[in-house]
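The structure appears below as C-alpha cells.
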Amino acid sequence: MPYLTSLILQSNQIALKFPSFVITCWNLTFLDLSWNTWTGSLPESMFTHLTNLEFLSLSGNFFEGPLPGNISKLSKVKELNLGSNKFSGSIPDEIGLLHNLQVLELLNNLVLAANSLTGPLPSSFSNLTQISELNLSDNILSGKLLPHFISNRTELTSLRIQNNTFIGIIPPEIGMLKELLELETWNLLFFFFCGTISQQLTGLTFLSTLNLSENHLSGAIPYGSQLDTFSNDSFLRNLALCGVPLTKKCIHDELPTREVDDVDVNWFNWKMILLGHGIGFVCGLSMGYIVFTTLKPLRFVIFIERAQQKLIRRTRK
Numbered sequence: 006m007p008y009l010t011s012l013i014l015q016s017n018q019i020a021l022k023f024p025s026f027v028i029t030c031w032n033l034t035f036l037d038l039s040w041n042t043w044t045g046s047l048p049e050s051m052f053t054h055l056t057n058l059e060f061l062s063l064s065g066n067f068f069e070g071p072l073p074g075n076i077s078k079l080s081k082v083k084e085l086n087l088g089s090n091k092f093s094g095s096i097p098d099e100i101g102l103l104h105n106l107q108v109l110e111l112l113n114n115l116v117l118a119a120n121s122l123t124g125p126l127p128s129s130f131s132n133l134t135q136i137s138e139l140n141l142s143d144n145i146l147s148g149k150l151l152p153h154f155i156s157n158r159t160e161l162t163s164l165r166i167q168n169n170t171f172i173g174i175i176p177p178e179i180g181m182l183k184e185l186l187e188l189e190t191w192n193l194l195f196f197f198f199c200g201t202i203s204q205q206l207t208g209l210t211f212l213s214t215l216n217l218s219e220n221h222l223s224g225a226i227p228y229g230s231q232l233d234t235f236s237n238d239s240f241l242r243n244l245a246l247c248g249v250p251l252t253k254k255c256i257h258d259e260l261p262t263r264e265v266d267d268v269d270v271n272w273f274n275w276k277m278i279l280l281g282h283g284i285g286f287v288c289g290l291s292m293g294y295i296v297f298t299t300l301k302p303l304r305f306v307i308f309i310e311r312a313q314q315k316l317i318r319r320t321r322k
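Reminder that position 12 of the sequence shown reads as 17 in the working numbering, one-by-one numbering, no gaps.
Here's what the structure looks like:
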C-alpha cells in the first residue's frame, strides 16, 4: 500500500507484534497504533522507511526494549507519542539530532511517560527548543535538570517530570518559561527535588496547574503573581516548606521578599511628580497672594531679578 497516507488502528484490542505491512507504506504521514496490545520491540527499519511521518502514536501498548537510535530518521515528525509502553534503557542521544534534520521547528509534542527509561537526560535534548509539551513522567530517569535544558524551551506550555529520580534544586530558569501553563514535579520514588522555591517562578504568569508536592523543598513559598492562586495541595508533604497557602508559618528569616516590579516603580515616580506639582502650586499661589495683597509687586519683581543676576555671576566664575 505505497499510496496510503493515513492509518488509524487506535483502540482495537489488537494483540500482535508490530505489523510488518506498515513498513511498506512509505507515504504515511499519520500513523496511530495507540491503545491496543501490540507487543515486541520496534523494528529499526520502521524509522528508515517511514520518513514522511508527521504524526506517530504508539502509546498504550506493550512495546518493549530500547528506543532505536535511528529514530532521528523521522525528520518530518510533528508529534511523537511513545507513552505507556515497556520501553527500557536510556533516551537515545539521536533524539536531539532531529534538530540537525530540521525537526526542531516541527517537533511539538514529545511523550515518553510511563515506561522504564533510565539514566540522565541526554545533553542533546537542549536542541529540541520548539517542544510545547514535554512529558517524561513515571520513568526511572535520574540526575539533575540542567539550566540549559530548561531555558532553551521558550515555547513550552506543559512540563511533566514527576515520579522519576531527579535530584537537586528546581532550576530557577523554569521562571523563563513565560508560556508555561502546567508544571508537575511531584515525586514518589527515592530521590527528590530539594532547596528553596526560586522567586523566579513568580514570573510564570500563565501557569494554571502546579504540583510541587512530595519533594524535599524548604523555606518560604514565594508570593506574588500566579503563585498566589494555588492551594495547599500544590505544596503537600514538603516538611520544611512554609508560608501561604500552607498552615505552617515562616519565622522572620524565612519570610519571602517581594520583588519590586516596573509597575510599582512607575507608580512611585508618578506620585512624586504629582506631589511636587502640588507643593509648587500651593507655594506659588501663596506667594502671589502675599505680594499682591501688600501692594508691592514691583519690589518682588526687582528681588527676583537681582537673585537671578547673582546666580548668573556665580556660574560664570
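Just so it is clear, CB atoms sit at the ideal spot from N, CA and C, and this is done for glycine as well.
So what does DSSP say about Val27, is it helix, strand or coil? helix
For a minimum of 4 consecutive residues, which ranges assigned as the alpha helix (DSSP H) are wholly contained in the region 113-165? 152-156
Which listed residue (Thr44, Asn66, Asp98 and His54) has its alpha carbon closest to that of Lys78: His54
Taking the C-alpha atoms as reference points, what is the distance between Thr42 and Ser64? 10 angstroms
Bridge partners for Ile13 per DSSP, in chain order? Asp37
So is Ser16 buried or exposed if we call it buried at 16+ other beta carbons inside 10 Å? exposed
Integer-rounded CB distance, given that Leu141 should sit under 8 angstroms from Ile166: 5 angstroms
Environment of Asp143 [buried if 16+ CB atoms lie within 10 Å]: buried
Using CA atoms only, rank isn't needed, just tell me which of Ala225, Leu185, Thr170 and Leu188 is closest to Ser203. Ala225
Could you please give the first and the last residue of the uninterrupted beta strand (DSSP E) stretch that includes Phe52? Note, Phe52: premise wrong, no beta strand (DSSP E); alpha helix (DSSP H) at Ser50 to His54.
Only counting the same chain, and skipping five residues up and downstream in sequence, which positions put a Cβ closer than 8 angstroms to that of Pro7? Thr29, Cys30, Trp31 and Asn32
If you count every other CB in all the chains shown that lies within 10 Å of the CB of Glu49, and 16 or more means buried, which is it? exposed
Shortest alpha-carbon distance to Thr10 belongs to which of Thr44, Asn75, Asn57 and Ala20? Asn57
From Gly101 to Lys91, what distance separates their C-alpha atoms? 22 angstroms
Exposed or buried, what is Arg158 when buried is set at 16 or more other beta-carbons lying within 10 Å of its beta-carbon? buried
Nonlocal neighbours in the same chain, by C-beta distance under 6 angstroms from Tyr182, ignoring five residues either side: Per the sequence shown, the amino acid found at residue 182 is Leu instead of Tyr. Counting only Cβ-Cβ distances below 6 angstroms, and skipping sequence neighbours, we find Leu161.
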